[in-house]
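Chains as they are written, first to last, in the working numbering: chain R, 115 to 648; chain U, 9 to 156.
Below: one structure, written as structure tokens.
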Amino acid sequence: MVTVSEGIVDRFSLNLTFVLFLSVVVVTLFMALLTAPQRDELSEFYLGNRTMSPLRNGLAMCGDYLSAATLLGSTGLVALNGYDGLLYLGGTVVAWMMVLLLIAEPLRRAGRFTLGDTLALRLTGLQRPARLALAVCTLVITTLYLVAQLVGSMALLTQFTGEPSAATRTLCVVVIGTIVIVYAAIGGAPGATVIQIIKAVMLVAGVTVTAVMVLHHYDWNPDALLSAAANNSGTGTQFLEPGLRYGVSTTSKLDFFSLELAIVLGLAALPHVLMRLLAPRKIDVLRSSVVWAVGLVGLVCLAAGVLGLGATAVVGRETIAETDHKGDSAVLLLANALGGGILTALLSCLAFVTLLAVAAGLVLAAATSLAHDLYGEVIRKGRASETEELTVARLSAAVIGILAMMLALVSWGANTATLAFLAFAIAASAILPTIVYTLFWRRFTGEGALLSLWGGLICSVLLVLFSPVVSSAPGSFYPGSDFAWFPLQNPGIVSIPAGFLLGWLGSVLSSRQEPQEEAAYEEFEVRMLVGAKE
Amino acid sequence: MPEFSPWHDNSFTYSPPNNEPAPTQRISEDPEFHSLRRAQRRFGVRATVLSVGGFLLYVLLSHSVPGLMNQRLVGHLTLGLALGLGQFLVMAVTSWCYVRHMRSRVDPLARGLGSRLDQHEAHSLRTAASRADAGQTVPPGSRGYRTW
Chain R
115 MVTVSEGIVD
125 RFSLNLTFVL
135 FLSVVVVTLF
145 MALLTAPQRD
155 ELSEFYLGNR
165 TMSPLRNGLA
175 MCGDYLSAAT
185 LLGSTGLVAL
195 NGYDGLLYLG
205 GTVVAWMMVL
215 LLIAEPLRRA
225 GRFTLGDTLA
235 LRLTGLQRPA
245 RLALAVCTLV
255 ITTLYLVAQL
265 VGSMALLTQF
275 TGEPSAATRT
285 LCVVVIGTIV
295 IVYAAIGGAP
305 GATVIQIIKA
315 VMLVAGVTVT
325 AVMVLHHYDW
335 NPDALLSAAA
345 NNSGTGTQFL
355 EPGLRYGVST
365 TSKLDFFSLE
375 LAIVLGLAAL
385 PHVLMRLLAP
395 RKIDVLRSSV
405 VWAVGLVGLV
415 CLAAGVLGLG
425 ATAVVGRETI
435 AETDHKGDSA
445 VLLLANALGG
455 GILTALLSCL
465 AFVTLLAVAA
475 GLVLAAATSL
485 AHDLYGEVIR
495 KGRASETEEL
505 TVARLSAAVI
515 GILAMMLALV
525 SWGANTATLA
535 FLAFAIAASA
545 ILPTIVYTLF
555 WRRFTGEGAL
565 LSLWGGLICS
575 VLLVLFSPVV
585 SSAPGSFYPG
595 SDFAWFPLQN
605 PGIVSIPAGF
615 LLGWLGSVLS
625 SRQEPQEEAA
635 YEEFEVRMLV
645 GAKE
Chain U
9 MPEFSPWHDN
19 SFTYSPPNNE
29 PAPTQRISED
39 PEFHSLRRAQ
49 RRFGVRATVL
59 SVGGFLLYVL
69 LSHSVPGLMN
79 QRLVGHLTLG
89 LALGLGQFLV
99 MAVTSWCYVR
109 HMRSRVDPLA
119 RGLGSRLDQH
129 EAHSLRTAAS
139 RADAGQTVPP
149 GSRGYRTW
């Protein structure tokens, strides 16, 4: 729900934002067209340039991961809730540690285009059903996340024009959606990478410069910033203590822990991030890329923390909450107070470009999964030619984009953060158990994979359906009726263990280890640790 | 092509199919391979438990013992905020240790085993090629032998 009566920025910065956004889009579209795959080669369309430097790869990973929800939503959470918001930012960074330490290198060595390829190396039977399940999970996760981005674009527009009319909303979603489809369908992975890198550079630079301005405003004295934030928060030192938002009751504490769990574990299983991990050809390049990504994400999150505290200190919590009760306007209000119309326009353009880049990565991941897993392996049973699969990939990019646009228009007013967190929870409870078991558990079987994929997906979706997100609470989809018997907003704390448990159960119950399966695992393990030649 | 191989025939990313599972099996029984697996897995699991588990513990502590976390250290900086900043330090140190560990302990082992796998593959390909008509599966010279 966005409740802004009037835009918070003046005509000048609206026009400036428009011009800036348009020039970035035009430049990146041209670059995407120039770098688009020239030949009909699957690997290039799915993974892009595989010999990029670690810094560029790291920037692309950072760009894929950090969405407008981080730039606007997290800083807003910090501005409104202080300490609790900062915890959330911490989780965003810690998530990368698991990717770096456990997942990235084995997955890259044993992977090709999608997770389905890795799974198929290990499973002798039930390979196609497992691919189908993976494709469905990928589709659900990416669609939810895409809708969150598109709804976010409408909410962002609200900051400028006040509550937009239905026509304006449709125009906004259609324009953004079309640009995204062009990036993904024509540009493929090279095109998406271009905008990812440009966006990441803009994001890192923009957030850092604004954080420096905040610190400069307080004469480089962090204590002055903290005390000003506490004073202007209306809650005193409580602002810098845990529990302002989530400390009310045991349920809300559990809820917060559940959210953190989904954030920390969900990243490693997000389809568009997984595809990025498969892109570098050399293992040492991948390692340095992920280290770069950890560093860049850490920098952005630290700066976002400073921005959030700065917004409360400079603008005041009251004003932020009045403008938008979710706090999404905190950064723009801060920019307006510190740098006037120009800085506001720069940061709003940054937010739009961020939306666009993340959405392009998501559409590409979904299209890859649909074309490669669903069409190539399940429907055509591996007999599709490369050209055919490529055409399907481009078409499915368009279909997914259009589907997401329609869903976004229908769900206008939904809380974008909730949608994004649901995507994280599904990723962590359905896809993560399969990744972990595939890579590290000898006795994992196809039945286990199916059970954990479908079980994790159904469990998290059902729990959300019967949670306060959908009914009973103010701001939910059906505030009037009450069928919310699950008290938590985030299903992670139940559905993630459930996903792991189901995977284990399915494997143990189906324990018919055939010698062929043993041999497959041994070959897989050698490939995972030593690597296959390409 | 072995039955369990998931790739269809136009797969070009992976090495040509190897009809005998012998080399990988022999390597997977190698003690060097076991120590490679141990070196990689043990460090990964420990470091993950330390950094991710440490962070989750910090979140739990923040909400269960706020009294402890709210102790002032300097000015407005409480113990909780300092620990939060400390997480970033822990992550930086862990990443650095991981890269160092992989470079010194894991990469040399993987390289050694990898070149042995190559040799074996090249050998079996050579015999396969001499059995069939030469140069049909792999043009000679396109697959470089490691020079050393």
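Glycine residues also receive a C-beta, built at the ideal position from the N, C-alpha and C atoms.
- Task: Using a Cβ cut-off of 8 Å, pull out every chain R residue sitting near Pro74 (chain U), in sequence order please.
- Result: Here residue 74 (chain U) is taken as the residue at index 66 of the second sequence, counted from 1. Near Pro74 (chain U) (Cβ distances below 8 Å), the residues of chain R are Glu355, Pro356, Gly357, Gly361.
- Taking 9 Å as the CB-CB cut-off, is Thr351 (chain R) touching chain U? Taking the first residue of the first sequence as position 1, residue 351 (chain R) is located at position 237. Cβ-Cβ to chain U under 9 Å: yes for Thr351 (chain R).
- Taking just the CA atoms, how far does Gly409 (chain R) sit from Pro29 (chain U)? Indexing the second sequence from 1 puts residue 29 (chain U) at position 21. Indexing the first sequence from 1 puts residue 409 (chain R) at position 295. Low confidence applies to Pro29 (chain U): its pLDDT is 47, below 50, so where it sits in the model is not reliable, and the reading given next is rough at best. The C-alpha of Gly409 (chain R) is placed about 41 Å away from the C-alpha of Pro29 (chain U).
- Message: Gly204 (chain R) and Gly88 (chain U) - do their beta-carbons sit closer together than 9 Å?
- Response: Along the second sequence, one-based indexing puts residue 88 (chain U) at 80. Along the first sequence, one-based indexing puts residue 204 (chain R) at 90. Not closer than 9 Å, so no.
- Item | Proximity test, Leu91 (chain U) beta-carbon vs the ligand GTP heavy atom, cut-off 8 Å | By its list of ligands, the structure shown contains no ligand whatsoever, and the ligand GTP lies outside what it can speak to.
- Message: Once the 5 residues before and after Cys286 (chain R) are set aside, which same chain residues still bring their CB inside 8 Å of it?
- Response: Taking the first residue of the first sequence as 1, we reach residue 286 (chain R) at position 172. Excluding residues within five positions, the ones whose Cβ falls inside 8 Å are Ser267, Met268, Leu271, Pro278.
- Query: Under the three-state reduction of DSSP, which class applies to Arg154 (chain U): helix, strand or coil?
  - Reply: Walking along the second sequence from the start, residue 154 (chain U) turns up at place 146. The predicted position of Arg154 (chain U) is uncertain, since its pLDDT is 32 and thus under 50; no value can be drawn from it.
- Task: Under 8 Å between beta-carbons, which chain R residues line up against His71 (chain U)? List them in chain order, please.
- Result: The residue you call residue 71 (chain U) lines up with position 63 of the second sequence. Simply Pro356, Gly357, Tyr360, Gly361, Lys367, Phe370, Phe371.
- Between which two residues does the beta strand (DSSP E) harbouring Arg80 (chain U) extend? As a first step, residue 80 (chain U) is located in the second sequence; it is residue number 72 there, counting from the start. Note, Arg80 (chain U): beta strand (DSSP E), 80-82.
- Query: chain U partners of Tyr197 (chain R), CB-CB under 9 Å?
  - Reply: Sequence index remark: in the first sequence, residue 197 (chain R) carries index 83 (1-based). Chain U residues near Tyr197 (chain R): Ser70, Met77, Thr86, Gly88, Leu89, Gly92.
- Taking just the CA atoms, how far does Ala465 (chain R) sit from Ala281 (chain R)? Numbered from 1 along the first sequence, position 167 holds the residue referred to as residue 281 (chain R). Numbered from 1 along the first sequence, position 351 holds the residue referred to as residue 465 (chain R). A straight-line Cα-Cα distance of about 22 Å links Ala281 (chain R) and Ala465 (chain R).
- Give the residues from the segment 206-239 of chain R that approach chain U closer than 7 Å (Cβ to any Cβ), ordered along the chain. Of all residues in the segment 206-239 of chain R, Val207, Val208, Met211, Met212, Leu214, Leu215, Leu216, Arg226, Asp231, Ala234, Leu235, Thr238 have a Cβ within less than 7 Å of some Cβ in chain U.
- Can a CB atom of chain U be found closer than 9 Å to the CB of Gly594 (chain R)? As a position in the first sequence, residue 594 (chain R) is number 480, starting the count at 1. Not closer than 9 Å to any Cβ of chain U, the Cβ of Gly594 (chain R) fails to qualify, so no.
- Ends of the alpha helix (DSSP H) at Leu410 (chain R)? Locating residue 410 (chain R) in the first sequence gives position 296, counting from the first residue. 397-428 is the extent of the alpha helix (DSSP H) around Leu410 (chain R).
- Task: Following the continuous alpha helix (DSSP H) through Pro629 (chain R), name the residue where it begins and the one where it ends.
- Result: Here residue 629 (chain R) is taken as the residue at index 515 of the first sequence, counted from 1. Counting along the chain, the alpha helix (DSSP H) containing Pro629 (chain R) begins and ends at 629-643.
- Query: Can you find a CB in chain U that lies within less than 9 Å of the CB of Ser402 (chain R)?
  - Reply: Here residue 402 (chain R) refers to the residue found at position 288 when the first sequence is read from its first residue. Chain U, which has a Cβ nearer than 9 Å to the Cβ of Ser402 (chain R), makes this yes.
- Item | Cβ neighbour criterion (16 or more within 10 Å) applied to Arg401 (chain R) | As a position in the first sequence, residue 401 (chain R) is number 287, starting the count at 1. That one is buried.
- Note down the Cα distance separating Ala244 (chain R) from Val513 (chain R), rounded to an integer number of angstroms. Within the first sequence, residue 244 (chain R) is the residue found at index 130, counting from 1. Within the first sequence, residue 513 (chain R) is the residue found at index 399, counting from 1. Rounded to the nearest angstrom, the two C-alpha atoms are 23 Å apart.
- Task: Select from the segment 36-48 of chain U all residues with a C-beta closer than 8 Å to any C-beta belonging to chain R, and list them in chain order.
- Result: Answer set for the segment 36-48 of chain U: Ser36, Phe41, Leu44, Arg45, Gln48.
- Does Gly204 (chain R) have its Cβ less than 9 Å from a Cβ in chain U? Translated into positions along the first sequence, residue 204 (chain R) becomes position 90. Cβ-Cβ to chain U under 9 Å: yes for Gly204 (chain R).
- Contact between the segment 557-567 of chain R and the segment 290-305 of chain R: three or more CB pairs below 8 Å? no
- Task: May I ask which residues mark the beginning and end of the alpha helix (DSSP H) holding Met99 (chain U)?
- Result: Position 91 of the second sequence holds residue 99 (chain U). Unbroken alpha helix (DSSP H) run through Met99 (chain U): 87-109.
- Backbone CA spacing between Gly560 (chain R) and Gly515 (chain R) [nearest angstrom]: By one-based count along the first sequence, residue 560 (chain R) stands at place 446. By one-based count along the first sequence, residue 515 (chain R) stands at place 401. Their backbone Cα atoms lie some 31 Å apart in a straight line.
- Message: Let's see if you can read the secondary structure: which residues bound the alpha helix (DSSP H) around His386 (chain R)?
- Response: For the purposes of this step, residue 386 (chain R) is taken as the residue at position 272 of the first sequence. Note, His386 (chain R): alpha helix (DSSP H), 385-392.
- According to DSSP, what are the bridge partners of Ser585 (chain R)? Counting from 1 along the first sequence, the entry for residue 585 (chain R) is found at position 471. R:Tyr592.
- Buried versus exposed, by CB contacts within 10 Å (16 or more), Val362 (chain R): Counting from 1 along the first sequence, the entry for residue 362 (chain R) is found at position 248. Val362 (chain R) is exposed by the Cβ-count criterion.
- Query: Got a sec? Which residues, its chain only, sit under 8 Å from Leu136 (chain R) by beta carbon, not counting five neighbours each side?
  - Reply: For this step, residue 136 (chain R) is matched to residue 22 along the first sequence. Nothing listed; no residue qualifies.
- Task: Using alpha carbons as the reference points, say which of R:Val323, R:Gly594, R:Val428, R:Ala539 lies closest to Leu461 (chain R).
- Result: Here residue 461 (chain R) refers to the residue found at position 347 when the first sequence is read from its first residue. Checked all of R:Val323, R:Gly594, R:Val428, R:Ala539; the closest Cα to Leu461 (chain R) is R:Val323.
- Just the chain R side, please: which residues come within less than 9 Å of Ser112 (chain U) by C-beta, in chain order? As a first step, residue 112 (chain U) is located in the second sequence; it is residue number 104 there, counting from the start. Result: empty, since nearest Cβ-Cβ is about 13 Å, beyond 9 Å.
- Ala218 (chain R) versus R:Asp231, R:Ala383, R:His330, R:Ala449, residue with shortest Cα-Cα distance: Here residue 218 (chain R) corresponds to residue number 104 of the first sequence, with the count starting at 1. Distances from the alpha-carbon of Ala218 (chain R) to those of R:Asp231, R:Ala383, R:His330, R:Ala449 put R:Ala383 closest.
- Looking at Leu229 (chain R) and Leu388 (chain R), is the spacing between their C-beta atoms short of 9 Å? For the purposes of this step, residue 388 (chain R) is taken as residue 274 along the first sequence, with counting starting at 1. For the purposes of this step, residue 229 (chain R) is taken as residue 115 along the first sequence, with counting starting at 1. For Leu388 (chain R) and Leu229 (chain R), yes; Cβs fall inside 9 Å.
- Task: Rounded to whole angstroms, what's the CA-CA distance from Pro116 (chain U) to Arg395 (chain R)? Just pull it up for me.
- Result: Start at 1 with the first residue of the second sequence, and residue 116 (chain U) comes out as number 108. Start at 1 with the first residue of the first sequence, and residue 395 (chain R) comes out as number 281. Answer to the nearest angstrom: the Cα atoms are 18 Å apart.
- Query: Assuming Thr238 (chain R) and Ala634 (chain R) make a contact with CB atoms under 8 Å, what is their CB distance in whole Å?
  - Reply: Translated into positions along the first sequence, residue 238 (chain R) becomes position 124. Translated into positions along the first sequence, residue 634 (chain R) becomes position 520. Going by Cβ atoms, the distance from Thr238 (chain R) to Ala634 (chain R) rounds to 5 Å, so yes, they are a contact pair.
- Message: Between R:Tyr160, R:Arg556, R:Pro582, R:Ala587, which has its C-alpha nearest Asp487 (chain R)'s C-alpha?
- Response: Indexing the first sequence from 1 puts residue 487 (chain R) at position 373. R:Tyr160 is the residue among R:Tyr160, R:Arg556, R:Pro582, R:Ala587 whose C-alpha sits nearest the C-alpha of Asp487 (chain R).
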